[in-house]
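Engineer: Residue 568 is where the sequence shown ends in our numbering, and the numbering goes up by one at each step.
Input: one structure, supplied below.
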Amino acid sequence: MVIYYSGTGNSAHCAREAASALGDECISAFAYIKNGIAAEFSSARPWVFVSPTYGWRLPGVFADFIRSARLSGCREAYFVMTCGSEIGNAEKYLRELCREKHLAFRGVLQVVMPENYIALFSAPDAQEAERIIACSRPVLEAGIDLIRRGEPFPETRPGAVDRLKSGPVNRLFCRYIVRDGPFRAGDSCISCGKCAEVCPVNDIAISGGRPVWQGHCTHCMACISRCPVRAIEYGRSTRDKERYFLDK
Ligand SMILES: Cc1cc2nc3c(=O)[nH]c(=O)nc-3n(C[C@H](O)[C@H](O)[C@H](O)COP(=O)(O)O)c2cc1C
């Protein structure tokens, strides 16, 4: 069973591709996370968890979703992490998660997809995004082939810098960088509520027709990227930047 979490569509896309190639079910964790429901799934085939990389690790909300899910049947778990450049030492924490869940860790596949983190970086333009997605295809296909053959993904080979990034730097990142204070909706806001609808953690309340962020954002970039009138900015850092969302 393929289970995914996605803020701006990259991981949803990879999950659908994997599920279709494997002839397996594809389930989004979004509604479970948004509604605080502990999932209950059964599968005779390996679990394939697909997710973005946040701070060189699995997003905390997705790790918590897996932690609280009741997974019966197959005990093998593969992870596919989409990222803008690299996943660091994510593998260490995935192994720990698997130990907690009594799952056999079958490896993590790093799939470089277009960068979506416009609060800090820039997303590629449409043409460059197409090129990056085209380059990701053979990587994903090779991973799918290993799952199909029941073989593990190759081990990642993290160095000292990767260990730092996924360890102490990740903790600093979560504490000091992932803040929603700078989010604002400007006068072009049409009060459609799309931002609140797509927020996986219900961080957005609508007050006086405008979104108000509530302080428990995960920086997934869904609200700012999916606003139909580009009314949302993250301080000054997103002004004049491309928004990124993959809808296929
Ligand atoms: C909060 C946040 C943290 C991120 N951290 C990393 C990272 O550590 N390494 C990396 O290569 N990409 C990082 N990215 C980029 C995303 O992992 C990447 O664009 C991913 O494919 C987005 O997936 P999605 O469209 O399914 O949400 C980060 C993006 C966000 C929003």
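C-beta: ideal position from N, C-alpha, C; glycine also.
Is the beta carbon of T476 within less than 7 Å of some heavy atom of ligand 1?
Structural biologist: The residue you call residue 476 lines up with position 156 of the sequence shown. For ligand 1, not one heavy atom lies less than 7 Å from the Cβ of T476.
Engineer: Looking at the structure shown, is F473 part of a helix, part of a strand, or coil, going by DSSP?
Structural biologist: In the sequence shown, residue 473 corresponds to position 153, counting from 1. Note: F473 maps to coil in three-state DSSP.
Engineer: Cβ of P434 within 7 Å of any heavy atom in ligand 2?
Structural biologist: Ligand 2 is not part of the structure shown, which contains ligand 1 as its ligands.
Engineer: Which residue's Cα is closest to the Cα of V432: L440, E396, F441 and M401?
Structural biologist: Against the sequence shown, residue 432 aligns to sequence position 112. It is M401 whose Cα lies nearest to the Cα of V432.
Engineer: Assuming F262 and F369 are in contact, meaning their beta carbons sit under 8 Å apart, how far apart are those beta carbons, in whole angstroms?
Structural biologist: As shown, the chain starts at 321 and ends at 568. That puts residue 262 outside it, with no answer to give.
Engineer: Taking DSSP as the reference, what is the three-state secondary structure of G463?
Structural biologist: Mapped onto the sequence shown, residue 463 falls at position 143. In this structure, G463 counts as helix in the three-state DSSP scheme.
Engineer: Could you check whether the segment 457–467 touches the segment 513–533, counting it as contact only if at least three pairs of C-beta atoms, one from each stretch, sit closer than 8 Å?
Structural biologist: These segments do not touch.
Engineer: For my contact list, S371 and M321 are in at a C-beta cut-off of 8 Å; report their separation, rounded to the angstrom.
Structural biologist: The count along the sequence shown starts at 1 and reaches residue 371 at position 51. The count along the sequence shown starts at 1 and reaches residue 321 at position 1. Contact doesn't hold; Cβ gap of about 14 Å is too wide.
Engineer: Please name the residue or residues paired with Y398 in a DSSP beta bridge.
Structural biologist: Sequence index remark: in the sequence shown, residue 398 carries index 78 (1-based). For Y398, which the question treats as bridged, DSSP gives the partners V368.
Engineer: Kindly examine ligand 1 and report whether one of its heavy atoms sits closer than 7 Å to the Cβ of W569.
Structural biologist: There is no way to answer for residue 569, as the model of the chain reaches only from 321 to 568.
Engineer: Span of the beta strand (DSSP E) holding Y554?
Structural biologist: Numbered from its first residue, the sequence shown carries residue 554 at position 234. I552 to Y554 is the extent of the beta strand (DSSP E) around Y554.
Engineer: Residues in its own chain within less than 6 Å of I510 by CB, not counting five upstream and five downstream?
Structural biologist: Translated into the one-based positions of the sequence shown, residue 510 becomes position 190. These residues qualify, in order along the chain: V549.
Engineer: Would you mind working out which of Y352, G408, E345 and E360 sits nearest L281, comparing C-alpha positions?
Structural biologist: Because the chain in this structure spans residues 321 to 568, residue 281 falls outside the shown range and cannot be described.
Engineer: Taking the alpha carbon of I323 as the reference point, which residue from V481, P366 and N355 has its own alpha carbon closest?
Structural biologist: Within the sequence shown, residue 323 is the residue found at index 3, counting from 1. The shortest Cα separation from I323 among V481, P366 and N355 belongs to P366.
Engineer: I'd like the list of long-range same chain contacts for A358, defined as Cβ closer than 8 Å, with 5 residues on each side in sequence excluded.
Structural biologist: In the sequence shown, the residue the question calls residue 358 occupies position 38. Once the five neighbours on either side are set aside, the close Cβ partners of A358 are Y352, S388, A389 and R390.
Engineer: When the distance is taken between beta carbons, is Y564 closer than 8 Å to A383?
Structural biologist: Position 63 of the sequence shown, counting from 1, holds the residue named residue 383. Position 244 of the sequence shown, counting from 1, holds the residue named residue 564. Not a contact, by the Cβ cut-off of 8 Å.
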